[in-house]
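Asks:
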Amino acid sequence: MRNASFVLLIAVVMLPVAIGQTTLDRTVEAQLKKVFPGATAFSPKQSRPLPHFIAYTGSPSSQTIAGYIFWTTELEPLERGYDGPIKILVGVDTNARLTGILVTEHHEPYGYFSVDLPQFAQQFKGKNIGDPFKVGADVDAVSRASISINSSARAIRNGARRIARALLTPPGTGK
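This is how it looks when you write it as structure tokens:
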């Protein structure tokens, strides 16, 4: 009887994994909400065509896709800051505008002069993914952190454009 209970417990825990769906942990869900504050719900992490989460609006019975969220390190793994990868969570709405970014992990030595300052993240909110994302032009530079700022801006831009190509419907196509 104990073995049957144990097997049942394992089956219940593994079933969502087996069908490709898992629940979001609270930390990740809170991070998703920060980069996509208008969303009412989020999907578990999707793996195809690229790693991403789906942001939804509306009631649970009639949800609409509002956009997508991704980690830069999963879509642009070769982009590095001064001291390694900078893991940034990025939200993109269905109009190809950034809803927000959140630096979730980095090893930059700059402290106060780094990519995790609120001003750095704020400048990306509402930015169109077709913008150049050029430091000194449409992205503000942070003194003593130019390698990290340039790398982060490229990772955000290139990752958002990859998500758009894979998941957003081109205007006028009706798809």
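Going by this note's numbering, the residue at position 31 of the sequence shown is 31; the numbering climbs one at a time, nothing skipped. Each residue gets a CB set at the ideal place from its N, CA and C atoms; glycine is no exception. Note that the coordinates shown come from a computational prediction; the quantities given were computed from them, not determined experimentally.
Apart from the five residues just before and just after E74, which ones in its own chain have a Cβ nearer than 6 Å to its Cβ?
Replies: As a working note, residue 74 is residue 74 in the sequence shown. Taken in chain order, the residues that qualify are P51.
Asks: Roughly how many whole angstroms lie between the Cα atoms of P37 and F120?
Replies: As a working note, residue 37 is residue 37 in the sequence shown. As a working note, residue 120 is residue 120 in the sequence shown. Between P37 and F120, the C-alpha separation is close to 18 Å.
Asks: Measuring only the C-alpha atoms, how far is P60 from R80?
Replies: Within the sequence shown, residue 60 is the residue found at index 60, counting from 1. Within the sequence shown, residue 80 is the residue found at index 80, counting from 1. Cα to Cα, the separation comes out at about 39 Å.
Asks: So V103 is in the beta strand (DSSP E); what residue range does that whole segment cover?
Replies: In the sequence shown, residue 103 corresponds to position 103, counting from 1. Counting along the chain, the beta strand (DSSP E) containing V103 begins and ends at L98 to E105.
Asks: Just checking my contact of L98 with F124 at CB under 8 Å: how many whole Å lie between their CB atoms?
Replies: Counted from its first residue, the sequence shown places residue 98 at position 98. Counted from its first residue, the sequence shown places residue 124 at position 124. Yes, L98 and F124 are in contact; Cβ-Cβ is about 5 Å, under 8 Å.
Asks: If you draw a straight line from the alpha carbon of R154 to that of V35, how long is it in whole angstroms?
Replies: Position 154 of the sequence shown, counted from the first residue, corresponds to residue 154. Position 35 of the sequence shown, counted from the first residue, corresponds to residue 35. Distance between the alpha carbons of R154 and V35: 18 Å.
Asks: Let me know the secondary structure DSSP gives A153 once reduced to three states.
Replies: As a first step, residue 153 is located in the sequence shown; it is residue number 153 there, counting from the start. Note: A153 maps to helix in three-state DSSP.
Asks: What would DSSP say about I147, mapped onto helix, strand or coil?
Replies: The count along the sequence shown starts at 1 and reaches residue 147 at position 147. Reduced to three states, the DSSP call for I147 is helix.
Asks: Where does K134 land, buried or exposed, given buried means 16+ other C-beta within 10 angstroms?
Replies: Numbered from its first residue, the sequence shown carries residue 134 at position 134. Exposed, because fewer than 16 other Cβ atoms sit within 10 Å of the Cβ of K134.
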